[in-house]
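A short worksheet on the structure shown next.
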Amino acid sequence: MSNKRLMIVDDSPAVHVIIEKAARANGIEVCAHAKNGDEAVKQFELTIPDVITMDITMPIKDGLAASKEILAKYPGARILMLSAMGDEELVNEARSIGISHFMQKPFKGEDVIKEINSMITA
Ligand SMILES: [Mg+2]
Numbered sequence: 000m001s002n003k004r005l006m007i008v009d010d011s012p013a014v015h016v017i018i019e020k021a022a023r024a025n026g027i028e029v030c031a032h033a034k035n036g037d038e039a040v041k042q043f044e045l046t047i048p049d050v051i052t053m054d055i056t057m058p059i060k061d062g063l064a065a066s067k068e069i070l071a072k073y074p075g076a077r078i079l080m081l082s083a084m085g086d087e088e089l090v091n092e093a094r095s096i097g098i099s100h101f102m103q104k105p106f107k108g109e110d111v112i113k114e115i116n117s118m119i120t121a
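Position 18 (the sequence shown) corresponds to 17 in numbering that gives the first Met the number 0; numbering is contiguous.
Okay, structure coming up:
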């Protein structure tokens, strides 16, 4: 069985550390890191990850805009959107473009992995 490959997108370095640590402990390979939506689109095309954790609020290009671009080209992309308190409107907008997996910050790394596993096996 080949490892599942994850791209982590967040402007907070701490989020990368938490998710990568949990991913490694669960046999998920982190194939790419991005700190804004612009990098996320580029890294997605380079690495074609099985799943993405996508922060919403980031500089340069936010997670919603990046997700729109990725889904327009790769409708099967699996995106787990990481939202913060107060992001409700953005979450609703994300739902309207077909994103159905969300996790609210602060989260436990293990919970992110559980959600990722459910998305991959679904
Ligand atoms: Mg952020």
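Glycine included, C-beta positions come from ideal geometry on N, C-alpha and C. As the structure is a computational prediction, the values presented were derived from the model and not from experiment.
Item, Value
"Meets three-Cβ-pair contact criterion under 8 Å: the stretch 15-24 and the stretch 64-78", "no"
"Ligand 1 heavy atom lying under 8 Å from the CB of Ile18", "no"
"Proximity test, Met57 beta-carbon vs ligand 1 heavy atom, cut-off 8 Å", "yes"
"Reference Gly36; option with closest CA among Gln103, Met102, Met80, Asn116", "Met80"
"Minimum length 3: unbroken beta strand (DSSP E) runs contained in the stretch 41-97", "50-54, 78-82"
"Distance cut-off 8 Å: Asp10 Cβ against heavy atoms of ligand 1", "yes"
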